[in-house]
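K.L.:
In my numbering, the protein residues as written are 427 to 590. Ideal placement from N, C-alpha and C gives every residue a C-beta, glycine not left out. None of these values were measured; they are calculated from a predicted model.
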Amino acid sequence: MTVARSLVFVHAHPDDEALFGAGSARHYANDDVKVTLVTCTTGQLGLDPGANSGDSPDHDELATAATRAGELVRAATVLGFSRVVNLGYRDSGMVGWPQNAHPDAFVNVNFDASARTLAALLDELEATVVVTYDETGFYGHPDHVTANQVTRRAVELTRFVERL
Numbered sequence: 427m428t429v430a431r432s433l434v435f436v437h438a439h440p441d442d443e444a445l446f447g448a449g450s451a452r453h454y455a456n457d458d459v460k461v462t463l464v465t466c467t468t469g470q471l472g473l474d475p476g477a478n479s480g481d482s483p484d485h486d487e488l489a490t491a492a493t494r495a496g497e498l499v500r501a502a503t504v505l506g507f508s509r510v511v512n513l514g515y516r517d518s519g520m521v522g523w524p525q526n527a528h529p530d531a532f533v534n535v536n537f538d539a540s541a542r543t544l545a546a547l548l549d550e551l552e553a554t555v556v557v558t559y560d561e562t563g564f565y566g567h568p569d570h571v572t573a574n575q576v577t578r579r580a581v582e583l584t585r586f587v588e589r590l
């Protein structure tokens, strides 16, 4: 088996890096592995600075995205990520939210094009290990499930990732 020298975590939203795999990221960063964070969406449907949920008519998407971007940079620094890439897709919201139907929501993007974009990045990074959610997205979040599907397809298209 190949020793991981380039480890890539693929997450759906800013903050997922702190919730899923933070300890592993820090561990490998401490071991001089190049650890990269890829975030698929801007996370604009998370709680906004006024604590309004993403499905609330009072929700401020721009402020939420800006806040989460800043938090992402700070968390990535603490966790030892050497590079952070945001693919810029629109947050789809929680299961059943009307935002799921937005044509630009991550759940509605062109699957093959998204996988090719991610595969090109994985090849650029010479990724040897890629970590993402399981098929259920850990708890069924639409963007987590989509991140799993896109990542699995991207790995099939890459040159460096060893299939386990």
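(1) Suppose contacts are defined by Cβ-Cβ distances below 8 Å. Is Val459 in contact with Arg494 by that definition?
(2) Quick test of the definition: if touching needs 3 or more C-beta pairs under 8 Å, does the segment 572-586 touch the segment 538-548?
(3) Once you ignore the five residues that flank Ala501 on each side, which residues in its own chain have a CB closer than 7 Å to its CB?
(4) Let me know if Tyr565 comes out buried or exposed under the rule of 16 or more other beta-carbons within 10 Å of its beta-carbon.
(5) How long is the line joining the alpha carbons of His453 and Phe532, rounded to whole angstroms?
(6) What do you get for Leu488, buried or exposed, if any count of 16 or more other CB atoms within 10 angstroms of its CB means buried?
(7) For Gly480, is the classification buried or exposed, using 16 other Cβ atoms within 10 angstroms of its Cβ as the cut-off for buried?
P.N.:
In this structure, then:
(1) no
(2) yes
(3) Glu443 and Ala444
(4) exposed
(5) 30 Å
(6) exposed
(7) buried
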